[in-house]
């Protein structure tokens, strides 16, 4: 994805707002910064499929009249009048259309008399984690999807429709399942990237903790929290599709939705594992800093300990006494008195260094563990 596209996503994520207080329910207010819609129609039956980009809602009517299944995909939510026209054509509830434009929705399923409204969230990890709302309407012979931005994250489903006659023989509920499954499967690569990032942070925390690690750990924890908000409600949404006895969902499709539900559970398990690892990173970081401080203090303590007897020795010979008395430092008159003092100093240093080494105080913790393992 280009830098311009990523910047656009960041701007949109900051500009998402609720409607003004007191707005009447069902009022459609488009975000002025949202891209203008591009409407793609894909209609199919067992024998073939057709695709087209339409410029008006009226161009969709012939597809609905001719084909068993019609999929209308809208990229961009910058035109409230077009979305209202689609709602009028398909008889969509105004409250659901309002939720299409209010892109802060959590994953959910709303049941209406002749259609279902399904919300899920697409996730993508580049330099930061972004989420986009995907709204879906399922009716008797149609599926409508609304995406916040231009970009076909559902392209794999489109390709399956082109190539597979078996897929084209299914009803619209199977298409809705396939679209949900494509979005949920997109969570796995994102989680794998986050897992690799956490492993890299763990290595840095243990081997070379730096000051910027604190900010990177907090950024990773925020991304995991954002991912949790996107994924957790999806489990309840799919449960609603499985349990609600709506005639729009056939029993055959519920078997596939059960598999989709299993995928969500796998994603949630992975996410919770990474969240626990992310929460432990700060503790590991603080422990690493504490260990480094302890290592520095150990070195300084050993240096001070070595110099204590040396300071005692040189302090004795720094005292001033009457040299005429025979008991006042007679060794100062010895021929080898000065070299003898240096010999005592060097022997003291060597003896203490050997003692520290034998007790493992001069080795790093890793070297000490390796030495214990060999013994």
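Residue numbers (the working numbering): 29 to 403.
Every residue, glycine too, gets a C-beta built ideally from N, C-alpha and C.
How long is the line joining the alpha carbons of residue i and residue j, rounded to whole angstroms?
i           : j           : result
residue 118 : residue 53  : 19 angstroms
residue 249 : residue 174 : 29 angstroms
residue 100 : residue 226 : 39 angstroms
residue 357 : residue 311 : 58 angstroms
residue 233 : residue 146 : 42 angstroms
residue 237 : residue 320 : 9 angstroms
residue 291 : residue 280 : 18 angstroms
residue 162 : residue 326 : 58 angstroms
residue 388 : residue 324 : 15 angstroms
residue 396 : residue 385 : At residue 396 the pLDDT is 49, less than 50, meaning the model places this residue with poor confidence and gives no usable figure here.
residue 78  : residue 187 : 12 angstroms
residue 190 : residue 51  : 43 angstroms
residue 417 : residue 86  : With the chain covering 29 to 403 only, the question about residue 417 has no answer from this structure.
residue 390 : residue 156 : 44 angstroms
residue 251 : residue 318 : 27 angstroms
residue 181 : residue 142 : 27 angstroms
residue 216 : residue 207 : 15 angstroms
residue 368 : residue 354 : 19 angstroms
residue 24  : residue 306 : What is shown of the chain runs 29 to 403, which leaves residue 24 out entirely.
residue 303 : residue 297 : 10 angstroms
residue 82  : residue 204 : 21 angstroms
residue 264 : residue 137 : 9 angstroms
residue 39  : residue 59  : Confidence at residue 39 is low in this model, with a pLDDT of 45, below 50, so the placement of that residue is unreliable and no value is reported for it.
residue 91  : residue 98  : 7 angstroms
residue 229 : residue 301 : 15 angstroms
residue 170 : residue 116 : 14 angstroms
residue 268 : residue 274 : 10 angstroms
residue 299 : residue 219 : 7 angstroms
residue 283 : residue 266 : 12 angstroms
residue 96  : residue 88  : 13 angstroms
residue 132 : residue 213 : 21 angstroms
residue 373 : residue 362 : 17 angstroms
residue 94  : residue 48  : 42 angstroms
residue 183 : residue 80  : 15 angstroms
residue 329 : residue 322 : 10 angstroms
residue 61  : residue 315 : 46 angstroms
residue 224 : residue 239 : 20 angstroms
residue 140 : residue 199 : 19 angstroms
residue 247 : residue 178 : 27 angstroms
residue 168 : residue 109 : 24 angstroms
Count the other C-beta atoms from every protein chain shown that fall within 10 angstroms of the C-beta of residue i, then say buried if there are 16 or more, exposed otherwise.
i           : result
residue 257 : exposed
residue 288 : buried
residue 151 : buried
residue 37  : Low confidence applies to residue 37: its pLDDT is 47, below 50, so where it sits in the model is not reliable, and the reading given next is rough at best. Answer is buried; the Cβ neighbour count reaches 16.
residue 31  : Residue placement at residue 31 is poorly supported in this model, since its pLDDT is 41, which falls under 50; the coordinates still yield a value, given next. Exposed: under 16 other Cβ atoms inside 10 Å.
residue 245 : buried
residue 293 : exposed
residue 347 : exposed
residue 7   : The displayed coordinates of the chain run from 29 to 403. Any statement about residue 7 would go beyond what the structure contains.
residue 313 : buried
residue 201 : buried
residue 176 : buried
residue 366 : exposed
residue 272 : exposed
residue 127 : buried
residue 456 : An answer regarding residue 456 cannot be provided, because it is not within the stretch 29 to 403 covered by the chain.
residue 342 : exposed
residue 415 : Since the first and last residues shown for the chain are 29 and 403, residue 415 lies out of range.
residue 67  : buried
residue 253 : exposed
Please state if the CB of residue j and the CB of residue i are separated by a distance shorter than 7 angstroms.
i           : j           : result
residue 107 : residue 64  : yes
residue 262 : residue 159 : no
residue 210 : residue 185 : yes
residue 123 : residue 111 : no
residue 221 : residue 153 : yes
residue 255 : residue 270 : no
residue 144 : residue 56  : no
residue 295 : residue 259 : yes
residue 165 : residue 120 : yes
Verify the CB distance criterion: does residue i have a CB-CB separation below 7 angstroms to chain D?
i           : result
residue 380 : No chain D appears in this structure, which consists of one protein chain only.
Can you tell me whether residue i sits near the ligand ATP, meaning its C-beta is under 6 angstroms from at least one heavy atom of the ligand?
i           : result
residue 110 : This structure does not include the ligand ATP; it has no bound ligands of any sort.
Q) Considering only residues of the segment 79 to 118, which uninterrupted beta strand (DSSP E) runs meet the minimum length of 3 residues and lie entirely inside it, listed in chain order? A) Segments of the beta strand (DSSP E) lying fully in the segment 79 to 118: 97 to 103.
Q. What beta strand (DSSP E) runs, 3 residues minimum, are completely inside the segment 168 to 252?
A. Runs of the beta strand (DSSP E) spanning 3 or more residues and lying entirely within the segment 168 to 252 occur at 170 to 175, in chain order.
Q) Considering only residues of the segment 253 to 299, which uninterrupted alpha helix (DSSP H) runs meet the minimum length of 4 residues and lie entirely inside it, listed in chain order? A) DSSP assignment within the segment 253 to 299 yields no whole alpha helix (DSSP H) run of 4 residues or more.
Q.
Using a Cβ distance threshold of 8 angstroms, determine whether the segment 57 to 75 contacts the segment 183 to 200, with at least three qualifying pairs required.
A. Enough Cβ pairs lie closer than 8 angstroms, so yes.
Q. Is there contact here, the segment 334 to 347 with the segment 365 to 382, by at least three beta-carbon pairs under 8 angstroms?
A. Remark: three or more beta-carbon pairs, one from each stretch, lie closer than 8 angstroms, so the segment 334 to 347 and the segment 365 to 382 are flagged as touching.
Q | Ranges of the beta strand (DSSP E) found wholly within the segment 136 to 164, counting only runs of at least 3 | A | Listed in chain order, they are 136 to 139 and 144 to 153.
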